[in-house]
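Residue numbers (our numbering): 4 to 226.
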């Protein structure tokens, strides 16, 4: 009986050891699979972002040429296709910001070029509004991704995006400018509008410092 009991104990230990070994092997396999999937996803994401970056360069060059063409005769063209391109570029930059981080050097270079296009488009829209008997509101939005200002800047940015979607881009046009890009055109716009802090929103010349609600801004635009 003692021998049988001893054999049973040894058998139980062997089974337990096999269970632990199997559990470890399964865990290791799952970890390896997870790493492989993660590497594949990361590689695919990098390829997607690289392609998007190259596409953006061509798209922004196209926008710049269209903008120059429209400046020759600002009242003769429909600007909607150009604005749709600008919005598409903005969405892609936001996608890259999310995946690469707001401080990625390649992304910042793209943002600088995009900001120049935005400034040119803003001036074109201002000319059209003044000379072509068109009715819409123009908003300049100065923001920062600095840790001290990013939370309030993002809140105000969401409000402006939501308001533009509600009123339609044809009636309310928003031009966001990252003051941390250190671009002369952004500095000039800040100086012309006496911008001393961020976030600040300027709608048709009216200055809104800090965060302002959607209801407040809508009321001003529609008044």
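We put the CB at the ideal spot given by N, CA and C, even for glycine.
ask   = Any idea if residue 146 is buried or exposed, counting beta-carbon neighbours within 10 angstroms, 16 or more meaning buried?
value = Counting from one through the chain shown, the residue named residue 146 turns up at place 143. Looking at its Cβ environment, which holds 16 or more other Cβ atoms inside 10 Å, residue 146 is buried.
inquiry  = Rounded to whole angstroms, what is the Cα-Cα separation between residue 210 and residue 200?
reply    = Within the chain shown, numbered from 1, the residue matching residue 210 stands at position 207. Within the chain shown, numbered from 1, the residue matching residue 200 stands at position 197. Cα to Cα, residue 210 sits roughly 11 Å from residue 200.
query = Once you ignore the five residues that flank residue 128 on each side, which residues in its own chain have a CB closer than 8 Å to its CB?
reply = Taking the first residue of the chain shown as 1, we reach residue 128 at position 125. Answer for residue 128: 82, 139, 141, 176, listed in chain order.
key: Which listed residue (172, 114, 136, 196) has its alpha carbon closest to that of residue 87   = As a working note, residue 87 is residue 84 in the chain shown. Residue 87 has its Cα closest to that of 172, out of 172, 114, 136, 196.
inquiry  = Taking DSSP's pairing of strands, which residues face residue 144 in a bridge?
reply    = Within the chain shown, numbered from 1, the residue matching residue 144 stands at position 141. Answer by DSSP bridge pairing, in chain order: 179, 204.
key: Whole runs of the alpha helix (DSSP H) within the region 99–150, excluding any shorter than 4 residues   = 108–134
inquiry  = I'd like the list of long-range same chain contacts for residue 67, defined as Cβ closer than 7 Å, with 5 residues on each side in sequence excluded.
reply    = Stepping through the chain shown from its first residue, residue 67 is reached at position 64. Excluding sequence neighbours, residue 67 sits near 120.
query = Around the C-beta of residue 84, are 16 or more other C-beta atoms found within 10 angstroms, so that it is buried, or is it exposed?
reply = Taking the first residue of the chain shown as position 1, residue 84 is located at position 81. Flag for residue 84 reads exposed.
query = Would residue 118 be called buried (16 or more neighbouring beta carbons within 10 Å of its own) or exposed?
reply = Reading the chain shown from its first residue, position 115 is the one you call residue 118. Classification of residue 118: buried, given that the 10 Å Cβ count is 16 or more.
ask   = Where residue 215 and residue 197 are concerned, what is the direct C-alpha to C-alpha distance, given to the nearest angstrom?
value = Taking the first residue of the chain shown as 1, we reach residue 215 at position 212. Taking the first residue of the chain shown as 1, we reach residue 197 at position 194. Between residue 215 and residue 197, the C-alpha separation is close to 18 Å.
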